Amino acid sequence: IKVRAYEKKVLSQYDRALIVSDVDKASLENGGNIDVVPNGVKLEVAGTTNSEPKKSLPRKLILTGNMAYYPNVDAARYICYSIWPRLKERYKDLHLYIVGKNPVRAVRRLQAGDITVTGYVEDIRAALGEADIYIAPFRMGSGVQNKI
Numbered sequence: 297i298k299v300r301a302y303e304k305k306v307l308s309q310y311d312r313a314l315i316v317s318d319v320d321k322a323s324l325e326n327g328g329n330i331d332v333v334p335n336g337v338k339l340e341v342a343g344t345t346n347s348e349p350k351k352s353l354p355r356k357l358i359l360t361g362n363m364a365y366y367p368n369v370d371a372a373r374y375i376c377y378s379i380w381p382r383l384k385e386r387y388k389d390l391h392l393y394i395v396g397k398n399p400v401r402a403v404r405r406l407q408a409g410d411i412t413v414t415g416y417v418e419d420i421r422a423a424l425g426e427a428d429i430y431i432a433p434f435r436m437g438s439g440v441q442n443k444i
């Protein structure tokens with residue numbers, strides 16, 4: 297309750313506020329001039345890919361994000377050390393792509409025969425379009441989580 301009162305007080309000091317949720321807007325409606333800028337993907341901008349199953353092997357799994365952001369680093373390490381070995385025992389034809397700018401040393405060290413750390417890619421849409429499975433093994437983070 298104290299946080300909401302504080303938010304309304306702060307909002308009244310500005311001409312306009314941008315938020316990402318209609319729910320937040322409704323709770324702050326009397327606090328100032330608020331516009332919603334939603335998170336998400338606009339398909340007309342992102343394009344679409346063929347949803348037909350791919351026949352090529354290995355199957356490509358992809359994890360994306362800024363690889364200097366600790367929750368993304370943790371997710372990459374978690375998949376590689378805890379999940380990947382068990383997946384590979386059961387499914388031999390898999391390849392993991394860790395895609396995202398600024399991979400820290402802990403992420404770069406994950407590179408292996410069946411794990412590729414790409415770093416920054418020019419067109420994330422192309423990288424996502426080539427993947428068979430998007431993974432999001434996140435165990436931490438705050439704010440609006442919009443990976444999935």
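Each number in this note's numbering corresponds to the 1-based position in the sequence shown with 296 added. Think of the CB as a built atom: it goes at the ideal place given N, C-alpha and C, for glycine as much as any other residue. Quick caveat, the model's predicted, so the values are computed rather than measured.
- Annotated three-state conformation of G425 is helix, per DSSP.
- The shortest C-alpha to C-alpha distance from V369 to any of V400, K298, E385, Y387 is the one to V400.
- Closest in alpha carbon position to S317, among E325, Y310, P334, L324, is P334.
- Between the C-alpha atoms of Y377 and Q309 there is a straight-line separation of about 48 angstroms.
- When C-beta atoms of the stretch 420-433 are compared with those of the stretch 358-374, three or more pairs fall below 8 angstroms, so the two segments count as touching.
- For a cut-off of 8 angstroms, the C-beta gap from R404 to V413 is around 6 angstroms, short enough to register as a contact.
- When secondary structure is reduced to three states using DSSP, D311 falls in the coil class, being assigned neither helix nor strand.
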